[in-house]
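*Asks:* One structure is given below, represented as structure tokens, and several questions about it will come after.
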Amino acid sequence: MTHWIQSDDGSYTAYSPEYNEHYHSTKDGALNESLKKHIEPAFALHGDKNHLRIIDICFGLGFNTLLSLYYRDTYFPETTLEIFSPELDGALVASLVTFPYPTLFDPYKSVITDIATKGNYHDERTTITVQITDARVAMRALEGEWDVCYHDAFSPVHNPTLWTHEYFHDVARLMGKMGVVTTYSTALATRLALHENGFGIYLNTGEGYRNATIASRQTLTRYEKVNMEHKMKCNPQGRSLRDGIDV
Ligand SMILES: C[S@@+](CC[C@H](N)C(=O)[O-])C[C@H]1O[C@@H](n2cnc3c(N)ncnc32)[C@H](O)[C@@H]1O
């Protein structure tokens, strides 16, 4: 049973007793966290694309997908959006028609209803597929080149299988030349797992939210690069999580 709770920016998030964790940082605020850690970097780096392909791990309450629609419609109305989002909890997705979303999402009521009732939404500028499945399975089955992966699973402590070297290997396979992974985690183990899979690691920092990470295939100039060699020297015991070892 998931409980709704108001976060510090006024938007509602939820608490999962099963994972003993909130769906968003209650301090950063659900909407603010989604905006600062995922949507702004994604569009800052890929806003020039005519067609943007996003993997949204995991759908949860759908903030990252819905805010991507809002952001596209507000700032990049010509861009067509394709979003694929795996989510294990089908009952949660089906319940979202009654979730107290911020008024910003009012124009997307029909999107929420379509996703909650049939798992997808289509219009001439938008394709959204929410698949009720394990993200590990989904990442192995998915094909094609994607521009952005919002990595927004529960924390490595409570949901380690979605943070391993092998998991990020499967994500890396799907990322195009300019592909980026955004995540709230700044843990060395997370950054190592991404780094080992060919990503440069960048710091996403700013006012009003805790530091986050952007992993990029391509050199980025607008974000500060994390010196991973130095980090590894300072933390010789540091390791990425591995399937079947740390999990
Ligand atoms: C932190 S919440 C996601 C928050 C979401 N991005 C949002 O905007 O609301 C984590 C979600 O991961 C889902 N989950 C946990 N393990 C999963 C797995 N192996 N595959 C897919 N989804 C999973 C949970 O059911 C939960 O909805």
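If you're matching positions, the sequence shown starts at 382 in this note's numbering and goes up one per residue.
Virtual Cβ for every residue (Gly too), placed ideally from N, Cα, C.
When the Cβ atoms of the region 446-462 are set against those of the region 423-433, are three or more pairs found closer than 8 Å?
*Replies:* yes
*Asks:* Could you tell me the alpha carbon to alpha carbon distance between VAL511 and THR494, rounded to whole angstroms?
*Replies:* 12 Å
*Asks:* Counting C-beta neighbours from all protein chains within 10 Å, is the total for VAL478 16 or more, i.e. buried, or is it exposed?
*Replies:* exposed
*Asks:* Regarding PRO483 and ligand 1, is the C-beta to nearest heavy atom distance less than 6 Å?
*Replies:* no
*Asks:* Roughly how many angstroms lie between the CA atoms of VAL474 and LYS490, to the nearest whole one?
*Replies:* 14 Å
*Asks:* If the criterion is Cβ atoms closer than 7 Å, does the pair ALA516 and ILE438 meet it?
*Replies:* ALA516 places its beta carbon less than 7 Å from that of ILE438.
*Asks:* Could you name the residues of the same chain whose beta carbon sits closer than 7 Å to that of GLN599, not counting the 5 residues immediately before and after it, in chain order?
*Replies:* LYS558 and MET559
*Asks:* Under 8 Å, with one C-beta from each stretch per pair, do the region 479-488 and the region 518-530 reach the 3-pair mark?
*Replies:* No, they do not touch.
*Asks:* Tell me the residue span of the alpha helix (DSSP H) that contains ARG620.
*Replies:* Premise fails: ARG620 is in no alpha helix (DSSP H) and is neither H nor E.
*Asks:* Measure from the alpha carbon of LEU622 to the alpha carbon of each residue in ASN540, TYR565, TYR604 and HIS611, then state which is nearest.
*Replies:* ASN540
*Asks:* Confirm, please, whether the CB-CB distance from ASN578 to HIS532 is below 7 Å.
*Replies:* no
*Asks:* What's the C-alpha gap between THR498 and PRO537?
*Replies:* Straight-line measurement puts the Cα of PRO537 at about 30 Å from the Cα of THR498.
*Asks:* Assign GLY579 to one of three DSSP states: helix, strand, or coil.
*Replies:* GLY579: coil per DSSP, three-state reduction.
*Asks:* Does the count of Cβ pairs from the region 395-403 and the region 579-593 closer than 8 Å reach three?
*Replies:* no
*Asks:* Does the distance between the C-beta of LEU447 and the nearest non-hydrogen atom of ligand 1 fall short of 6 Å?
*Replies:* no
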